[in-house]
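Chemist: Take the sequence shown: its position 21, counted from the start at 1, is 21 in full-length UniProt numbering, and no numbers get skipped. For every residue, glycine included, the Cβ atom is placed at its ideal position computed from N, Cα and C. Computed from a prediction, not measured in an experiment: that's the story for all the values here.
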Amino acid sequence: MRKSVFVLVFLMASVLFSVELKICYLNEDLLPIVKVTEGRDNPVLEIFEALSSPPEGLKTFVPEGVLRAYFFVGDYLILDFYGEKLKGMNFDSERYFLHQVLYTIFLNVKGVNNVYIIIDGKKRDVLAKHVDIRFSFPREVWEKWPIR
1 MRKSVFVLVF LMASVLFSVE LKICYLNEDL LPIVKVTEGR DNPVLEIFEA
51 LSSPPEGLKT FVPEGVLRAY FFVGDYLILD FYGEKLKGMN FDSERYFLHQ
101 VLYTIFLNVK GVNNVYIIID GKKRDVLAKH VDIRFSFPRE VWEKWPIR
């Protein structure tokens, strides 16, 4: 009897603390396809793990293991990426990488109004070679697709 109660309590806690994550992948025409997955312990890390592993038939521009660290400061989310993982990206891949990441973050993290990006723990002017990251990316611009 005790074992049954423990299992029931554990299952209820798992359901109560699970988080529905909406992950933005791209189809062949590079249009967003949002898939829902279940998150558990660390939604930001789980977002990046999911973004780097698209379901069959969908694309991603988010490399595996790109997230070095993240920090919440007020209503900002600071994302720190490994520069080596972004190396070799052209303008389009940098652009779609940012679109996927920012759109997915703003779909899932409601208390964040701006995302700020750093590379290898340092402020940089560009993501890899092309896209300007000197300023924050505000929710009101990046929470809709397509980004204009």
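Hey, is the region 17-36 in contact with the region 103-110, meaning 3+ C-beta pairs nearer than 8 Å?
Modeler: yes
Chemist: Express the C-alpha separation of LEU45 and PHE137 in angstroms, rounding to a whole number.
Modeler: The residue given as residue 137 occupies position 137 in the sequence shown. The residue given as residue 45 occupies position 45 in the sequence shown. Distance between the alpha carbons of PHE137 and LEU45 is about 19 Å.
Chemist: Thinking C-beta only, is LEU79 closer than 8 Å to VAL131?
Modeler: Position 131 of the sequence shown holds residue 131. Position 79 of the sequence shown holds residue 79. No, the pair does not count as a contact, with Cβ atoms beyond the cut-off.
Chemist: Could you give the distance in angstroms between the alpha-carbon of GLU94 and the alpha-carbon of GLU38?
Modeler: Start at 1 with the first residue of the sequence shown, and residue 94 comes out as number 94. Start at 1 with the first residue of the sequence shown, and residue 38 comes out as number 38. Rounded to the nearest angstrom, the two C-alpha atoms are 27 Å apart.
Chemist: Assuming VAL66 and LYS85 are in contact, meaning their beta carbons sit under 8 Å apart, how far apart are those beta carbons, in whole angstroms?
Modeler: Within the sequence shown, residue 66 is the residue found at index 66, counting from 1. Within the sequence shown, residue 85 is the residue found at index 85, counting from 1. At roughly 4 Å, the Cβ-Cβ gap stays under 8 Å, so VAL66 and LYS85 are in contact.
Chemist: Determine the direct distance from the alpha carbon of TRP142 to that of LYS122, and round the result to whole angstroms.
Modeler: Translated into the one-based positions of the sequence shown, residue 122 becomes position 122. Translated into the one-based positions of the sequence shown, residue 142 becomes position 142. Roughly 23 Å separates the two Cα atoms.
Chemist: Give the DSSP bridge partners of ILE119, in chain order.
Modeler: The sequence position of residue 119 within the sequence shown is 119, counting from 1. According to DSSP, ILE119 bridges with PHE81 and LYS122.
Chemist: State the Cα-Cα distance for the pair GLU140 and ALA69, rounded to the nearest angstrom.
Modeler: To locate residue 140, count along the sequence shown from 1; it is residue 140. To locate residue 69, count along the sequence shown from 1; it is residue 69. Near 24 Å, if we compare the C-alpha coordinates of ALA69 and GLU140.
Chemist: Output the distance between the C-alpha atoms of LEU102 and LEU58, rounded to the nearest integer angstrom.
Modeler: For the purposes of this step, residue 102 is taken as residue 102 along the sequence shown, with counting starting at 1. For the purposes of this step, residue 58 is taken as residue 58 along the sequence shown, with counting starting at 1. Near 18 Å, if we compare the C-alpha coordinates of LEU58 and LEU102.
Chemist: Whole-angstrom Cβ separation of VAL62 and LEU51, contact assumed at under 8 Å?
Modeler: Here residue 62 is taken as the residue at index 62 of the sequence shown, counted from 1. Here residue 51 is taken as the residue at index 51 of the sequence shown, counted from 1. VAL62 to LEU51, Cβ: 4 Å. Contact.
Chemist: With burial defined as no fewer than 16 other Cβ atoms inside 10 Å of the residue's Cβ, what is the status of ASN114: buried or exposed?
Modeler: Walking along the sequence shown from the start, residue 114 turns up at place 114. ASN114 comes out buried.
Chemist: Can you tell me which of the three DSSP states VAL112 falls into?
Modeler: Numbered from 1 along the sequence shown, position 112 holds the residue referred to as residue 112. VAL112 carries a coil assignment under DSSP once its states are collapsed to helix, strand and coil.
Chemist: Apart from the five residues on each side of it in sequence, which residues of its chain come closer than 7 Å, Cβ to Cβ, to TYR116?
Modeler: For the purposes of this step, residue 116 is taken as the residue at position 116 of the sequence shown. The residues TYR76, ILE78 and SER136, in chain order, have a CB closer than 7 Å to that of TYR116 in the same chain once the five nearest residues on each side in sequence are set aside.
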